[in-house]
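Enquirer:
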Amino acid sequence: MKLSEIILLFNKHGLDPQVKALAADSVFQGAPLTDNRLVNKDDIFVCIKGASVDGHSFIPDVLKRGAALVVVTDLQAGDIPQIKVNDTRKAAALLAKLYFKDPASSFRLVGVTGTNGKTSSSLIIFEALRSLGYKAGWIGTLGYRINDKHYNTQHTTPDIMELNSTLAQMRAAEVTYVIMEVSSHAIALDRVYGIQFDYCLFTNLSRDHLDFHSSMEEYGKVKASFFDVVKRGEAVAIINTDDAFGAKLADDLSEGMGSVFTVGTQWAAYEVQDLECERDGLRFILCTRDGGIRMRSGLVGSFNAYNLALAAATFHVMNFDLRDISAIMGSVKNIPGRMQSVPNDRGIGVYVDYAHTPQAIEAVLKTCHELPHKRVLCLMGAGGDRDQGKRPLMLSTALKYSDAVIVTDDNPRGENPNAIIRDIISGSHPNLPWWIIRNREQAIRSIIHMANEDDIVVICGKGHENYQEIEGVRHPFDDVQIAAAALADEECKEQRLALPIDQLTLRLMIDETQELPARGYSLPHLYWHISTDTRNIQPESVFFALKGERFDAHAFLGKALESEANFAIGELALPEHDRYLQTESSLNIMAKLHAKYLAMFDIQKVALTGSTGKTTCKEILANVCNQEGATLKTHANENNIIGLCQTIRRVQFWHRYGIFELGTSEKGEIAALAEVLNPDVGIVLNIGPAHLQAFGDEDGVYTEKSALLRHPLQVRLYDGDDPRFVEFAESGKGIGYTADCAYRIHNVHSKDTGQSFGINDLDFYIPSPVPHNVTNAAFAIAFALERGFATDSIQKALIMPLNIDQRLEIQQSGTLTLIVDCYNANPVSMHKAIEYWQDYQPQRPHIAILGDMLELGEMSEGYHQMIGAILTEMQFQTLITVGANSLHYQSSDAGKEALHFADVEAARAALAGIEIAPDAVILIKASNGIHLEKLLPIIKKEV
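Taking the numbering used here, the leading residue of the sequence shown gets 21, the next gets one more, and so forth.
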């Protein structure tokens with residue numbers, strides 16, 4: 021090996037080589053080695069710093085043995101021939117590759133990594149190749165094979181020197197394919213660095229080797245790094261995407277240059293379908309783009325279907341014939357699992373299992389993850405008078421391997437079940453998706469109610485038992501029978517909560533450290549409603565006594581507690597009452613409860629705020645999302661904390677999307693709402709002068725509204741035309757008309773019936789002539805495109821009617837045209853409304869009835885004067901103003917009729933006697949508090 025070749029290779033790989041005591045034309049005849057005991061004359065010794073031994077300490081020994089060169093990370097004193105690099109493990113790998121003349125380039129190399137299944141998958145491929153008559157090699161846990169000859173090794177993946185030597189042996193045997201297990205140790209220790217893989221396979225990832233890796237995260241990163249070659253477009257990835265880490269890995273790799281092929285039970289390039297597992301083997305159909313492969317094997321267990329599918333997919337990617345693949349996959353053996361299935365026709369997998377330890381729960385849930393599913397839902401509890409230390413571990417394990425957990429009573433025996441459940445939840449964060457329902461029968465019914473088609477429900481703890489033991493008495497109870505009855509119950513009860521609230525949840529939420537009796541049984545209490553108003557309270561309600569500016573619900577606690585089935589939470593101290601809890605803030609507890617409740621639902625949460633356009637954009641978003649799945653949305657003005665809680669209470673388990681409008685009138689409100697909602701997507705439409713009495717100026721409004729985008733989110737969308745949002749340019753995407761917007765609006769063409777426009781390279785149409793509705797629609801389009809919705813589905817939603825009243829709503833009354841926008845007003849929306857009104861059929865007489873813009877604080881007069889200045893440039897017949905500040909709208913222009921009224925009642929009285937041109941276009945706009953909607957019947961002559 022020439023020194024120049026070595027330096028060139030080291031530089032190419034960023035090892036920053038520094039040469040000392042070597043001639044530029046140096047040539048090395050010996051082998052690169054990392055074991056000083058093997059060094060002979062003219063060899064190259066690479067100093068590796070291990071966990072307990074530093075190879076640099078053996079430099080004197082290898083020099084005595086005649087080493088021609090040492091490769092170091094610590095520069096050595098004196099005239100020792102050396103190359104200093106920043107990573108000697110990588111240097112060793114590259115030297116081995118150079119010395120053995122890159123043996124891997126002589127055949128197709130398949131690497132298989134993952135926690136489980138490496139040996140099975142790789143051996144299936146190897147044996148299949150041999151059965152087809154190919155010369156092949158295999159390297160793995162059991163050693164290595166060259167065709168039919170077997171050799172022993174010490175590691176799953178050999179040392180880099182041994183590996184290259186083995187690959188050179190295989191090259192000499194003229195093999196066409198080599199299949200290799202690649203362990204995380206090998207990846208982390210650079211044992212495969214520089215080896216060019218053609219195909220990189222991933223089986224799965226689960227807890228393992230944490231004695232070597234510092235954490236599961238680091239373990240996963242190491243596994244993922246094996247696929248860096250795929251990102252560079254130098255190899256093909258074949259990945260089990262039923263594994264959560266595999267799915268993410270496939271998504272990440274899809275953004276690179278390489279090819280990614282997915283294997284799984286759904287939404288995969290190679291789909292396992294019609295899987296049948298029996299004691300003597302398994303069979304399934306592997307669907308490919310070229311047709312189905314019928315697979316039959318003596319292997320047992322659904323996990324082996326993945327091993328077989330991964331192997332078969334690899335053969336198909338390597339362009340083997342489907343018939344050959346089907347023929348060669350049928351010669352392996354393995355064993356199945358052990359859960360009891362509850363049959364049903366709802367497409368839900370329901371299983372009852374005796375799992376009642378952390379390890380057993382982990383095993384049963386992992387088995388479920390190997391089955392086709394969307395979500396895994398777990399019900400679990402812990403028996404009384406048994407090991408207390410395992411209780412929190414059981415919940416943490418259940419949370420780790422399932423999407424949501426209901427915690428319930430098991431066999432409490434002589435213990436207090438409240439104390440048992442407190443032990444279970446200790447250590448699990450309250451925001452995680454666990455929910456207490458102590459009544460086991462109701463818990464089973466609830467978790468089955470939670471499930472949608474293709475979900476899996478696992479009922480853990482009691483298995484075959486047909487009783488529940490309470491204080492020494494065994495009461496008849498059968499999980500299977502209860503589950504079967506729940507599956508047969510199709511009653512829909514949307515008028516109540518989807519999940520009941522357990523009284524224990526409320527008590528622990530207020531004081532999680534409270535003393536509970538260790539022994540004795542207490543009946544569970546469940547509540548199906550939440551109320552803040554005793555005028556419509558129902559039995560089985562939790563009543564929250566809230567304080568407002570004009571009311572205090574504590575005055576109605578007596579009425580709330582009239583029903584023995586109700587419970588109340590308030591801030592007053594009451595005499596001992598077993599159905600009342602005192603807290604510092606009823607509102608905070610209510611918010612925490614709703615946040616926890618919402619975490620139990622599999623719903624994509626979209627939070628939407630802005631100074632104008634929120635409701636319109638919300639309605640468009642809801643229409644768009646409804647094309648993909650059932651969608652929940654904020655009603656009317658439910659955009660404060662109380663309103664958000666009301667919306668959350670309406671969520672059902674079939675909802676796939678939720679569009680939540682967030683409003684604010686005080687500092688910190690948006691951040692607080694986001695904390696409750698924990699949205700996946702945050703949208704800030706725009707920033708304008710609204711609620712300035714709280715925020716001072718527009719920058720204050722920006723600080724408040726943009727707090728939404730500072731919450732952890734999957735997607736951030738913002739006004740790309742507002743330069744203030746530049747701070748979110750890397751983490752979000754702008755929508756607007758400027759060139760640097762990620763979703764740029766262009767080519768807007770307006771007609772009386774609607775507008776066509778472009779978003780990047782796509783064209784859309786909305787049946788609204790209101791200009792700023794293009795922007796509202798653009799945000800909905802951007803969200804949909806971010807989520808992968810089809811463009812035809814988006815366009816279909818855009819032409820659907822919007823459930824919006826009094827927001828630039830066109831109303832016809834005879835020959836009159838009314839543009840009604842009395843729901844809200846600020847300077848931005850007022851300006852836009854005036855412009856739209858001016859452009860609407862300008863040949864007709866135009867009349868404006870405008871009221872105050874409220875909540876503008878100290879800047880109110882200036883903003884009203886600004887609108888007045890805008891109006892002076894407009895062409896209209898009559899201006900009617902209502903409210904104290906709206907007088908600033910009027911000018912001294914003698915050619916324009918102007919009327920002013922102190923309030924809407926005065927305007928009503930006068931308007932009846934005012935003659936209005938029969939073909940007039942009338943704009944009616946003000947803040948909601950002015951109540952200009954009261955003028956509509958007068959104008960329409962309905963009164």
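Beta carbons are placed, not taken as given, at the ideal position from N, Cα and C, and that holds for glycine. Model, not experiment: these values are computed from the prediction.
Per DSSP, Gly997 is paired with what?
Expert: No statement about residue 997 is possible, as the shown extent of the chain runs from 21 to 963 and does not include it.
Enquirer: What does the alpha-carbon distance come out to for the pair Asp407 and Ser77?
Expert: As a first step, residue 407 must be located in the sequence shown, where it is residue number 387. As a first step, residue 77 must be located in the sequence shown, where it is residue number 57. Distance between the alpha carbons of Asp407 and Ser77 is about 51 Å.
Enquirer: Which one or two residues does DSSP pair with Ile313 in a beta bridge?
Expert: Against the sequence shown, residue 313 aligns to sequence position 293. Ile313 is bridged to Leu306.
Enquirer: Please name the residue or residues paired with Ile257 in a DSSP beta bridge.
Expert: Here residue 257 refers to the residue found at position 237 of the sequence shown. Checking the sequence shown, residue 257 turns out to be Ala, not Ile. Answer by DSSP bridge pairing, in chain order: Cys220 and Val280.
Enquirer: Report the option in Gln216, Asp263 and Gly266 whose CA atom is closest to the CA atom of Gly253.
Expert: Against the sequence shown, residue 253 aligns to sequence position 233. That would be Gln216, whose Cα lies nearest to the Cα of Gly253.
Enquirer: Which residues share a DSSP beta bridge with Val132?
Expert: Here residue 132 corresponds to residue number 112 of the sequence shown, with the count starting at 1. Glu201 and Leu221.
Enquirer: From Ile313 to Val292, what distance separates their C-alpha atoms?
Expert: For the purposes of this step, residue 313 is taken as the residue at position 293 of the sequence shown. For the purposes of this step, residue 292 is taken as the residue at position 272 of the sequence shown. One C-alpha to the other measures close to 10 Å.
Enquirer: Which residue comes first and which comes last in the beta strand (DSSP E) that contains Ile755?
Expert: Locating residue 755 in the sequence shown gives position 735, counting from the first residue. Unbroken beta strand (DSSP E) run through Ile755: Lys753 to Gly756.
Enquirer: Where does Trp455 land, buried or exposed, given buried means 16+ other C-beta within 10 angstroms?
Expert: Mapped onto the sequence shown, residue 455 falls at position 435. Label assigned to Trp455: buried.
Enquirer: Comparing alpha-carbon positions, which option in Ala714, Glu953, Ala580 and Met315 lies nearest Met349?
Expert: Against the sequence shown, residue 349 aligns to sequence position 329. Ranking the options by Cα distance to Met349, first place goes to Met315.
Enquirer: Measure the Cβ-Cβ separation of Ile950 and Leu931 and say whether it is below 7 Å.
Expert: What you label residue 950 is simply residue 930 of the sequence shown in a count that begins at 1. What you label residue 931 is simply residue 911 of the sequence shown in a count that begins at 1. No, these two residues do not count as a Cβ contact at 7 Å.
Enquirer: Can at least three beta-carbon pairs, one atom from the stretch 53-69 and one from the stretch 81-90, be found at a separation below 8 Å?
Expert: Contact between the stretch 53-69 and the stretch 81-90 is present, because at least three Cβ pairs lie under 8 Å.
Enquirer: Which residues in the same chain have their Cβ closer than 6 Å to the Cβ of Lys960, if we skip the five residues on either side of it in sequence?
Expert: Taking the sequence shown and counting its residues from 1, the one referred to as residue 960 is at position 940. Cβ within range, chain order: Ser833.
Enquirer: Apart from the five residues just before and just after His469, which ones in its own chain have a Cβ nearer than 6 Å to its Cβ?
Expert: Working through the sequence shown from its first residue, we reach residue 469 at position 449. Closer than 6 Å at the Cβ level, and outside the excluded window around His469, lies no residue.
Enquirer: Would you kindly check if the distance between the Cβ of Val256 and the Cβ of Val337 is under 7 Å?
Expert: Translated into positions along the sequence shown, residue 337 becomes position 317. Translated into positions along the sequence shown, residue 256 becomes position 236. Yes, they are a contact pair.
Enquirer: Would you tell me roughly how many angstroms separate the C-alpha atoms of Ser906 and Ala918, rounded to the nearest one?
Expert: As a working mapping, residue 906 is identified with position 886 in the sequence shown. As a working mapping, residue 918 is identified with position 898 in the sequence shown. Each residue's Cα considered, the two are about 12 Å apart.
Enquirer: From Phe30 to Phe222, what distance separates their C-alpha atoms?
Expert: Your numbering for residue 30 matches position 10 in the sequence shown. Your numbering for residue 222 matches position 202 in the sequence shown. If I take the Cα positions, the gap works out to 29 Å.
Enquirer: Are His884 and Thr901 close, meaning C-beta to C-beta below 7 Å?
Expert: Residue numbering aside, residue 884 sits at position 864 when the sequence shown is read from its first letter. Residue numbering aside, residue 901 sits at position 881 when the sequence shown is read from its first letter. No, these two residues do not count as a Cβ contact at 7 Å.
Enquirer: Tell me which residue opens and which closes the beta strand (DSSP E) that Pro496 is part of.
Expert: Against the sequence shown, residue 496 aligns to sequence position 476. Run containing Pro496: Val493 to Pro496, per the beta strand (DSSP E) assignment.
Enquirer: May I ask you to list the residues that DSSP assigns as paired with Tyr677?
Expert: Looking up residue 677 in the sequence shown gives position 657. Gln624 and Thr651, per the DSSP bridge assignment.
Enquirer: Buried or exposed: which applies to His449, given that a residue is buried once 16 or more other Cβ atoms fall within 10 Å of its Cβ?
Expert: For the purposes of this step, residue 449 is identified with residue 429 of the sequence shown, where counting begins at 1. The residue is exposed, with fewer than 16 neighbouring Cβ atoms inside 10 Å.
Enquirer: Contact between the stretch 642-661 and the stretch 812-830 is defined here as three or more beta-carbon pairs at a separation below 8 Å; is this criterion met?
Expert: With a cut-off of 8 Å, the stretch 812-830 and the stretch 642-661 count as touching, because enough Cβ pairs lie within range.
Enquirer: Tell me the residue span of the alpha helix (DSSP H) that contains Cys665.
Expert: Against the sequence shown, residue 665 aligns to sequence position 645. It spans Ile661 to Arg669 - the alpha helix (DSSP H) in which Cys665 sits, taken as one unbroken run.
Enquirer: On the CB-based measure, 16 or more other CB atoms within 10 Å of its CB, does Thr835 come out buried or exposed?
Expert: The sequence position of residue 835 within the sequence shown is 815, counting from 1. It counts as exposed.
Enquirer: For Leu1050, count neighbouring Cβ atoms within 10 angstroms of its own Cβ and tell me buried if that reaches 16, exposed if not.
Expert: This structure does not reach residue 1050, given that the chain is present from 21 up to 963, and the question cannot be answered.
Enquirer: Checking 7 Å against the spacing of the C-beta atoms, do Thr651 and Ala642 come in under that value?
Expert: Residue numbering aside, residue 651 sits at position 631 when the sequence shown is read from its first letter. Residue numbering aside, residue 642 sits at position 622 when the sequence shown is read from its first letter. For Thr651 and Ala642, yes; Cβs fall inside 7 Å.
Enquirer: Hey, would you say Ile144 sits closer than 7 Å to Ala331, going by beta carbons?
Expert: What you label residue 144 is simply residue 124 of the sequence shown in a count that begins at 1. What you label residue 331 is simply residue 311 of the sequence shown in a count that begins at 1. Yes, they are a contact pair.
Enquirer: Determine the extent of the beta strand (DSSP E) in which Asn767 is found, giving its start and end residues.
Expert: Residue 767 sits at position 747 when you count from the first residue of the sequence shown. Where Asn767 is concerned, the enclosing beta strand (DSSP E) stretches over Tyr763 to Lys771.
Enquirer: Contact between the stretch 366-379 and the stretch 513-524 is defined here as three or more beta-carbon pairs at a separation below 8 Å; is this criterion met?
Expert: No contact exists between the stretch 366-379 and the stretch 513-524.
Enquirer: What residue ranges within the stretch 438-515 form continuous alpha helix (DSSP H) runs of no fewer than 4 residues, ordered along the chain?
Expert: Fully enclosed alpha helix (DSSP H) runs of 4 or longer: 460-470 and 499-508.
Enquirer: Is Ser274 near Lys243, with beta carbons less than 7 Å apart?
Expert: Residue mapping note: residue 274 aligns to position 254 of the sequence shown, counting from 1. Residue mapping note: residue 243 aligns to position 223 of the sequence shown, counting from 1. It is not a contact, given that the beta carbons lie outside the stated cut-off.
Enquirer: Looking at Ile755: is its Cβ nearer than 7 Å to the Cβ of Ala804?
Expert: Here residue 755 refers to the residue found at position 735 when the sequence shown is read from its first residue. Here residue 804 refers to the residue found at position 784 when the sequence shown is read from its first residue. Not in contact: Ile755 and Ala804 (Cβ atoms no closer than 7 Å).
Enquirer: Within its chain, find whatever has a CB closer than 8 Å to the CB of Val500; leave out the 5 residues flanking it on each side and keep chain order.
Expert: What you label residue 500 is simply residue 480 of the sequence shown in a count that begins at 1. Within the same chain, Val500 has close Cβ partners Gln360, Val362 and Val372.
Enquirer: In terms of residues, what are the limits of the beta strand (DSSP E) holding Asp783?
Expert: The sequence position of residue 783 within the sequence shown is 763, counting from 1. Leu782 to Ile786 is the extent of the beta strand (DSSP E) around Asp783.
Enquirer: Given a cut-off of 7 Å, decide if Ala347 and Tyr290 are closer than it, judged by their beta-carbon atoms.
Expert: As a first step, residue 290 must be located in the sequence shown, where it is residue number 270. As a first step, residue 347 must be located in the sequence shown, where it is residue number 327. No; because the gap between Cβ atoms is not below 7 Å, this pair is not in contact.
Enquirer: Can you look up Gly266 in the DSSP assignment and give me helix, strand or coil?
Expert: The residue labelled residue 266 in the question sits at position 246 within the sequence shown. Of the three classes helix, strand and coil, the one that applies to Gly266 here is helix, per DSSP.
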